[in-house]
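Residue numbers (the working numbering): 150 to 346. To start, the structure under review is shown below, and the notes come after it.
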Ligand SMILES: Cc1cc2nc3c(=O)[nH]c(=O)nc-3n(C[C@H](O)[C@H](O)[C@H](O)COP(=O)(O)O)c2cc1C
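This is the structure we're talking about:
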């Protein structure tokens with residue numbers, strides 16, 4: 150087993166930040182970085198090796214297709230249930246175009262019955278964290294967003310998901326044109342109890 154540079158890893162984890170499309174430069178992230186993010190996602194822990202993560206990567210004209218699809222779906226669904234807001238519609242139409250790549254995050258339930266769904270959600274979240282940490286290591290910005298069409302049933306097929314699968318949102322990726330943001334957390338001691346006897 151290699152010996153890792155623990156100080157570097159600690160700094161990497163503490164410096165992972167959500168960086169939003171409004172802060173992305175008009176400059177593409179190399180596909181090699183995206184591929185490494187996906188490779189590292191694939192090494193997330195997975196109970197009974199179900200490997201439930203599924204990803205659809207959008208770039209170039211694919212981002213235009215995503216923008217069109219999600220704004221039109223939102224317009225139809227939110228129009229029908231009376232929740233339509235123009236500001237959300239405009240964001241769904243424009244945000245993908247500010248990104249270098251967008252990765253749709255799916256949870257596949259093919260192996261239903263093997264493990265409870267919450268464990269598959271946990272595995273996919275771990276895969277997403279691997280992608281975020283990898284992006285951080287390259288100085289690439291990203292954030293996991295769950296707004297827009299994420300929980301709309303009719304969105305699933307566009308992302309190659311079946312009705313029993315779950316769309317868990319999107320990873321929006323781009324090169325930051327801002328200073329790397331500071332993080333904010335309350336001390337971990339407030340969330341931990343040790344029992345020693
Ligand atoms: C499951 C999940 C969903 C999220 N969805 C959104 C979202 O829809 N919109 C958003 O602005 N941020 C979203 N975030 C990012 C959080 O807002 C962000 O992690 C938090 O503000 C802490 O900032 P940091 O990631 O820079 O430490 C999401 C994070 C997680 C884990």
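The C-beta atom is built at its ideal place from N, Cα and C for all residues, glycine as well. All figures in this text were calculated on a predicted structure; none of them were measured in a lab.
Can you tell me whether residue 242 is helix, strand or coil according to DSSP? For the purposes of this step, residue 242 is identified with residue 93 of the chain shown, where counting begins at 1. Helix, per DSSP.
Let me confirm a value: residue 202 is counted as buried when at least 16 other C-beta atoms fall within 10 Å, else exposed. Which label applies? In the chain shown, the residue the question calls residue 202 occupies position 53. The residue is buried, with at least 16 neighbouring Cβ atoms inside 10 Å.
Would you kindly work out how many angstroms separate the C-alpha atoms of residue 207 and residue 277, rounded to a whole number? For this step, residue 207 is matched to residue 58 along the chain shown. For this step, residue 277 is matched to residue 128 along the chain shown. Answer to the nearest angstrom: the Cα atoms are 16 Å apart.
Within 10 Å of its beta-carbon, does residue 297 have 16 or more other beta-carbons around it, so buried, or fewer, so exposed? As a first step, residue 297 is located in the chain shown; it is residue number 148 there, counting from the start. Flag for residue 297 reads buried.
Count the other CB atoms, across all protein chains shown, that sit within 10 Å of the CB of residue 186; report buried if there are 16 or more and exposed otherwise. On the chain shown, position 37 is the one that residue 186 refers to. Buried.
By a C-beta neighbour count over all protein chains shown, 10 Å radius and 16 as the cutoff for buried, is residue 223 buried or exposed? Position 74 of the chain shown, counting from 1, holds the residue named residue 223. With 16 or more Cβ atoms within 10 Å of its Cβ, residue 223 is classed as buried.
Buried or exposed for residue 170, going by 16 or more other Cβ atoms inside 10 Å? Here residue 170 is taken as the residue at index 21 of the chain shown, counted from 1. So residue 170 ends up on the buried side.
Verify the contact flag: residue 338, CB atom, against every heavy atom of ligand 1, threshold strictly below 7 Å. Locating residue 338 in the chain shown gives position 189, where the first residue counts as 1. Because no heavy atom of ligand 1 lies under 7 Å away, the Cβ of residue 338 does not count as near it: no.
Euclidean distance between Cα positions of residue 272 and residue 175: Taking the first residue of the chain shown as 1, we reach residue 272 at position 123. Taking the first residue of the chain shown as 1, we reach residue 175 at position 26. Those two C-alpha atoms are separated by around 32 Å.
Thinking C-beta only, is residue 332 closer than 8 Å to residue 160? As a working note, residue 160 is residue 11 in the chain shown. As a working note, residue 332 is residue 183 in the chain shown. Against a cut-off of 8 Å, the Cβ pair of residue 332 and residue 160 comes out as no contact.
What did DSSP end up calling residue 274 once you bin it into helix, strand or coil? Along the chain shown, read from residue 1 onward, the residue named residue 274 stands at position 125. Helix, per DSSP.
Just the Cα atoms here: how many angstroms apart are residue 183 and residue 335? Here the question's residue 183 lines up with position 34 in the chain shown. Here the question's residue 335 lines up with position 186 in the chain shown. The alpha-carbon atoms of residue 183 and residue 335 are separated by roughly 31 Å.
Spatial neighbours of residue 262 within its chain, please: C-beta separation below 7 Å, excluding the five flanking residues on both sides. Position 113 of the chain shown holds residue 262. For residue 262, where only same-chain residues beyond five positions count, there are no Cβ hits under 7 Å.
Whose C-alpha, out of 338, 320 and 299, is nearest the C-alpha of residue 252? Taking the first residue of the chain shown as 1, we reach residue 252 at position 103. When each option's Cα is compared against that of residue 252, the closest is 320.
Environment of residue 340 [buried if 16+ CB atoms lie within 10 Å]: Against the chain shown, residue 340 aligns to sequence position 191. Residue 340 is exposed by the Cβ-count criterion.
Which of helix, strand or coil DSSP assigns to residue 322: The count along the chain shown starts at 1 and reaches residue 322 at position 173. Note: residue 322 maps to strand in three-state DSSP.
So residue 216 and residue 242 are supposed to be a Cβ contact under 8 Å. How far apart are they, rounded? As a first step, residue 216 is located in the chain shown; it is residue number 67 there, counting from the start. As a first step, residue 242 is located in the chain shown; it is residue number 93 there, counting from the start. Confirmed, about 5 Å.
Using only the alpha-carbon positions, how far apart do residue 246 and residue 284 sit? Position 97 of the chain shown holds residue 246. Position 135 of the chain shown holds residue 284. Looking at the two C-alpha atoms, the distance is approximately 19 Å.
Can you round the beta-carbon distance between residue 226 and residue 303 to whole angstroms, since I take them to be within the 8 Å contact cut? The residue given as residue 226 occupies position 77 in the chain shown. The residue given as residue 303 occupies position 154 in the chain shown. Right, their Cβ atoms sit about 7 Å apart.
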